[in-house]
Structures are given as structure tokens and as C-alpha cells.
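Protein chains in written order, with my numbering: chain A, 365 to 852; chain B, 148 to 241.
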């Protein structure tokens, strides 16, 4: 994160600056030195971090209990001696070292009888948690409107009342928390990430961080959160339409690559369920940004007839533990070894059960019976789907030497059906495809992006998951899953 | 560090502009009527009927279409309607 560091106008532009604290044995040991520094003719300003009565032999000690000067001077160790010339720092010495101090101050004979050198202590401005507080207070990083909460109010209730939540409590976005979240990215807090639908409101990195705090993210999730948001704004993801739809769907987030492991995402047991902070908070952040920044609110422009529980959050990682398995991101064009996000317009999860198939051919035929039911058995190339392949089902394919491409191709073949069975009116059901396809073989899914396989899940269970997709999947060229590399 | 508890606003900090609706024209005589097909299933059937009824009454009708109902109308479509029509019927059907 870039750190704007304008020198506070109250800091001296010329002369010597000492920053010290009483609590530091070195600072107290060299108390006589502070007075002797004035012998060189330069003005001397002593800032005390913890006690304006220290050093007692100096008049006009500057009270820096707020740590504002220490922050602006970027002091990490006390004592620190700084020489300023014309508003610029001409030199700095940390800890006590007679020779170095004499050279910088232009004074001889400092601290007679004292040890020649002694290391200092940590500055109060870099104690745990303090730096974020100082950045929030003096760093000028945050530009979002401040909302004051009276001591009589519960901040979490204020968040509810202001309509900032998805129905569950959020973490109140205090300055300290937002600044800490921003430490997770090198991007400028005021950089605009994109325009968030439906209101096409500008969303800065700072606004992303605020919503990430509320959703429960840790700072190290920020690169992933930013990547997810950027992917959601790609034109062919059609986030605006996905939000408005009557259909069930919401964004489903799948993370590939080293970042998933690094931030502790779950791709194993209960991968699609609750209990993992990164999975839960990253998916939730996207939804909160669309709600809060974009103004997309259920009952407002979100017109879903039913929605689905994944609209709180739906985010997981792919299991890449088998080096022979081609990760989803690689299949979608991202170089191997890079982290990436894939976004899918998904509904809830449908269980697929098969305890009996022992050959890949049979398992594919069996899976096809469930996959053709996505949306409606008689619809085709109407919605996309994800097959979440669990380890026990994957084993059947792996032992037979089948890779991602072979499984995908076989599933496409097995879900291609005679049009006469699917046309409107066939099987006594009006729902169905255009009668012009009666004499053709009709694939259930678009061959290129209509069916994506993701490996995930716990070791035991002859089940796989089917995540059905949005009805707008029928617009092959206009609405597609998207994959984007995550830049860390 | 600070006594006041403050939070940062997570919203777009935008305020809506309240605009008056245009009054319906007293008569359709001499006006050009745009029909926008938003791309929903069977929108075309519905608009064909509206088109026929208006044309039978001697009105000038122009047809427009969004490529897909899944995305907002392209700016060019919106601008063309604004430039070429006096009123527009935006239809939804399923």
C-alpha cells in the first residue's frame, strides 16, 4: 500500500529533532546529551512519546503522546536523532552512538562518562496495532464519508439500520480496520476498480476494503477480493443482469492456484458448506459490494423469485492436490502456477449419487442422467452447469487414465439427445426446445464453456455436486463464465 | 485513540436525482412510436401485436431490440430511440 507521508507543518524544518520516551532505558541514560546537543548552535526539538516531563533538563519538550510527530517522522526506534535542512531530512541516527550523534549534530564531547553506544527501544508508534491507528488518524488514506456512532448506539445495529448488511451482522468498518485491510494490497486506496452495477457507482480500493472488513475478510484476502470483483465486472459476466434476474442464480466464485492454499481456503471436506473464513468472507464481500456500492438490493432491482442461499456467499477453491489433474483455471487459459478466479452464474447444489459405477463409461452415463435435468430435462443449451467432482468419483476416472478433457467430452456426448424427445409438446410437456430441432441430435450444454468440472470435496462419499446455471446461459456469446488471473 | 466511534460509509455515496415523469402526450397523432424488444422469450410476439394495432391506426412505428435481456441496452440503441422517437414502449414477456 502506498503511504502518503506529508511532513506535518508543525514539524521543524531546520535543526535537530530527537524522539524519545521515558520508558526506554537508553533514552533516560542519555538524558544529559539532549541538552548538550544545543551546543552546536542548531535549534533542538525533543519529542517525548510518553511523558512531556521527560527529559526534565529541557524546556519546551514537545508532547508527542498522540504520536503524530513520531508517525510523520516514521520513527521505529527511540531514541532517534534527525537532522533537518530546509524541510528535508539530512540524516538520521537510531539508538545511541556517540560518534554518530556527534557527527550528525556537529557537536563534540557528547555524553561524557556514558557508554559509547547502546541500542534503543521500539518506538511507541510501531507497537502492535498502533501503526494502523496512526495511519487511520494521520495518514490521510481514507476518503469515504465518516459515519459517527453515538455511545448510546450499538455499531452493529447501526449497520443494520442503514441497510448495509445481507441480513447477517457485519463487522463495523472502523478506520483502523479499513486501514489494516488496505495493508493487504499495494494498490492505491483511491484507485477506481470499476463501476458497480446496477447504479454504475465508482468503486475505489478503499470501498472494497470497507466492504471486505464488513464481510469478515483478513487483509491477505484483498488480492483475491479485488480479482473477484474485477472478474465480476467483465462484460460477459453480465453482473447487472445476474443481479436483476427472476432466476435463482448468483455469482459462484472458484479460486485456483497458490493463493488458495496461502490464505487457507477450503477445497476439501464440506468445501461448498460453512466453516471456512476465507471461503465465506470472499464470496460475501462481492455480494456486499454489489449491495452497498452498486445499490443492488433484493426487492429493489434484485427480482429473484426465490434466490438461493448461495447469494449470501458461494466461494470455494479447487482441489489441485493431484498433479495430473488440469486445474480449471489452466483449462480456461491461465498459465499453470498462477492464481485465478473463475466466476459462474450458479444456483444451489443438487446432489448426484452413484455408489455402483466402477467404470468411467458407466459413471459418465449415470452422471448424464442427472445433468440433463439442469433447468428442465427438456431444455438444452439453456443454462450452463458445474460438476463438482469428489475424490471417490474422480478415482473411478483416474484409475482408468481419464483426464479433464476426456471426462468433459464424454459428458457432452452422453448428454446429447434426440431433438424429437425435447421439442415443445414432446413427452406430453409443453416446455421444451424449438420444434425445428426435431430431427437433430441436441447437446445439453455448449461445448466450449457450458459444462465446467471442478474437483473438490472430502475423501469419502460416492456423491458429486451439480451446480445449475442461470437461464441467460442460453445467450452463448453474451453471457459466459469468466476466468481472470489474480494479481498479487 | 479517539473517543468518538466512527465508521466509514460502504456505499457509493451517490444520491438519486428525482425527476418528474414526462406527461403522456394528449394524442399520438403525428408522433413516432418506438417499440423496444428487450430480448425476453416471446417479446417479439407481443410487440408484433402492438405494432399491428398501432400501424392499423395510422401511427408511425419503429422497432428496436436489445441483443439480450441479460444485459442493459447498448448505448447506441438508447440514443437511436431518443433521436428517432417521441415515445417508446419497452416490453417484457415470457
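Cβ coordinates follow ideal geometry from the N, Cα and C atoms, glycine included. Here the structure is a predicted model, which means the values were calculated and not measured.
With respect to the 7 Å criterion, residue 578 of chain A and residue 534 of chain A are classified as neighbours on the basis of their beta carbons.
If only complete runs of 3 or more residues are kept, the stretch 785-819 of chain A shows the beta strand (DSSP E) at 805-807 and 815-819, in order along the chain. Taking residue 190 of chain B as reference, the option from B:157, B:213 and B:200 with the minimal CA-CA separation is B:213. Rounded to whole angstroms, the gap between the alpha carbons of residue 658 of chain A and residue 676 of chain A is 16 Å. Along the stretch 715-780 of chain A, the alpha helix (DSSP H) occurs as fully enclosed runs of 4 or more residues at 724-735, 755-763 and 768-778, listed in sequence order. Annotation for residue 749 of chain A: 735, 738, 809, 814, 815, 816, 830, 831, 832 and 833 place their beta carbon closer than 8 Å to its own, counting only its chain and skipping 5 residues before and after. Residue 567 of chain A sits in a strand when the DSSP states are folded into three classes. Residue 516 of chain A carries a coil assignment under DSSP once its states are collapsed to helix, strand and coil. At least one C-beta of chain A is nearer than 7 Å to the C-beta of residue 156 of chain B. Residues of the stretch 198-217 of chain B with a Cβ closer than 8 Å to any Cβ of chain A, in chain order: 214, 215, 216 and 217. The C-alpha of residue 457 of chain A is placed about 7 Å away from the C-alpha of residue 465 of chain A. Rounded to the nearest angstrom, the gap between the Cα atoms of residue 789 of chain A and residue 742 of chain A is 10 Å. Contacts with chain A at 7 Å (Cβ-Cβ) do not include residue 192 of chain B. Taking a cut-off of 8 Å for Cβ pairs, the stretch 509-529 of chain A and the stretch 434-452 of chain A do not touch, as fewer than three such pairs fall below it. Spanning the alpha carbons of residue 427 of chain A and residue 471 of chain A requires a straight line of approximately 25 Å. When DSSP states are grouped into helix, strand and coil, residue 446 of chain A belongs to the strand group. Membership of residue 849 of chain A in the beta strand (DSSP E) is indicated by the continuous run 846-849. Between residue 727 of chain A and residue 752 of chain A, the gap from beta carbon to beta carbon reaches 7 Å or more.
By DSSP's assignment, residue 706 of chain A forms a beta bridge with A:618 and A:847. Using a CB distance cut-off of 7 Å, residue 219 of chain B counts as an interface residue toward chain A.
Put simply, the CB of residue 510 of chain A is near chain B, with a gap under 7 Å to one of its CB atoms. DSSP, reduced to helix, strand and coil, places residue 666 of chain A within a strand of the structure shown. Listed along chain B are 155, each with a C-beta nearer than 9 Å to that of residue 506 of chain A. In this structure, DSSP gives residue 531 of chain A a state outside helix and strand, which the three-state scheme calls coil.
Going by DSSP, residue 660 of chain A is part of no beta strand (DSSP E) at all; its letter is neither H nor E.
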